[in-house]
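Residue numbers (our numbering): 630 to 835. C-beta atoms are modelled at their ideal positions from N, C-alpha and C, and glycine is treated no differently. Below: the structure, in structure tokens.
So this is what it looks like as structure tokens:
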């Protein structure tokens with residue numbers, strides 16, 4: 630980030646602080662035009678596109694969450710944990726559908742290559758490979774050995790070594806503290822958009 634961009638973000642925050650209706654609790658990570666961002670209610674504070682953070686070695690979503698949490702701490706608020714922040718960012722909630730298995734991870738050799746859905750594989754992104762789940766399915770994955778969780782998006786196929794059933798990116802493995810272990814038991818909960826989950830719950834209560 631250059632000085633001009635930092636000044637622009639500071640100016641937005643200063644204007645927001647001058648609004649007597651400003652509620653620090655509204656500080657949340659989000660996606661704006663598909664790019665990780667930070668918002669306070671409807672006010673966009675920053676968007677982490679390549680002009681702000683050009684490094685390909687950093688997870689921009691993690692960076693946005695960290696920046697938002699730094700702002701929350703400045704207002705004496707609890708920081709958001711990773712899963713809560715990701716749920717806000719993606720606008721998703723847990724469903725009642727879950728499954729278990731063994732998860733491995735894949736990294737440097739595949740970094741920059743095409744995934745099964747045509748994306749460029751980023752070993753630091755919150756993504757995973759599954760043999761059959763639809764692409765763009767979101768899963769809350771928990772390492773059952775450490776109880777650490779992260780939300781991933783399915784964008785690739787694999788793994789191809791039984792009995793493994795999920796292949797995590799290196800960045801996700803690091804978040805789950807499974808990078809050194811290599812293969813860990815996991816629980817995965819399928820996530821859906823807010824509106825879908827709310828509608829399903831309303832139907833169940835009728």
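(1) Which of the three DSSP states is assigned to residue 797 in this structure?
(2) Where does residue 750 sit, in a helix, a strand or coil, going by DSSP?
(3) Does DSSP put residue 772 in a helix, in a strand, or in coil?
(4) Have a look at residue 777 and residue 733 and give me their C-alpha separation to the nearest angstrom.
(5) When DSSP labels each residue in this structure, what does residue 733 get in the three-state scheme?
(6) How close, in whole Å, do the beta carbons of residue 658 and residue 667 come, if the pair is a contact with beta carbons under 8 Å?
(7) Would DSSP call residue 699 helix, strand or coil?
(8) For residue 716, write down the residues that DSSP places opposite it in a beta bridge.
(9) Cβ atoms of residue 739 and residue 794: under 9 Å apart, would you say?
(10) One question on the structure: do residue 641 and residue 675 come within less than 9 Å of each other, judged by their Cβ atoms?
(11) CB-CB under 7 Å to residue 754, same chain, minus the five flanking residues each way: which ones, in chain order?
(12) Can you check which of these residues, 678, 791 and 748, is closest to residue 692 by C-alpha distance?
(13) At the level of alpha carbons, what is the spacing between residue 694 and residue 709?
(14) Looking at the secondary structure, which residues open and close the beta strand (DSSP E) in which residue 756 lies?
(15) In whole angstroms, give me the CA-to-CA distance for residue 763 and residue 696.
(16) Can you tell me which of 725, 746 and 661 puts its alpha carbon nearest to the alpha carbon of residue 719?
(17) Between 788, 792, 781 and 775, which has its C-alpha nearest residue 768's C-alpha?
(18) Taking only three categories from DSSP, how would you classify residue 837?
On the basis of the supplied data:
(1) strand
(2) coil
(3) DSSP places residue 772 in strand when its eight states are reduced to three.
(4) 15 Å
(5) Secondary structure at residue 733: strand, using DSSP grouped into helix, strand and coil.
(6) Contact check for residue 658 and residue 667: beta-carbon distance about 6 Å, within the 8 Å limit, so the pair qualifies.
(7) Note: residue 699 maps to helix in three-state DSSP.
(8) Answer is none; residue 716 lacks a bridge partner.
(9) no
(10) yes
(11) Counting only Cβ-Cβ distances below 7 Å, and skipping sequence neighbours, we find 688, 798 and 800.
(12) 678
(13) Their backbone Cα atoms lie some 8 Å apart in a straight line.
(14) 756–758
(15) 32 Å
(16) Of the candidates 725, 746 and 661, 661 places its Cα closest to the Cα of residue 719.
(17) 781
(18) What is shown of the chain runs 630 to 835, which leaves residue 837 out entirely.
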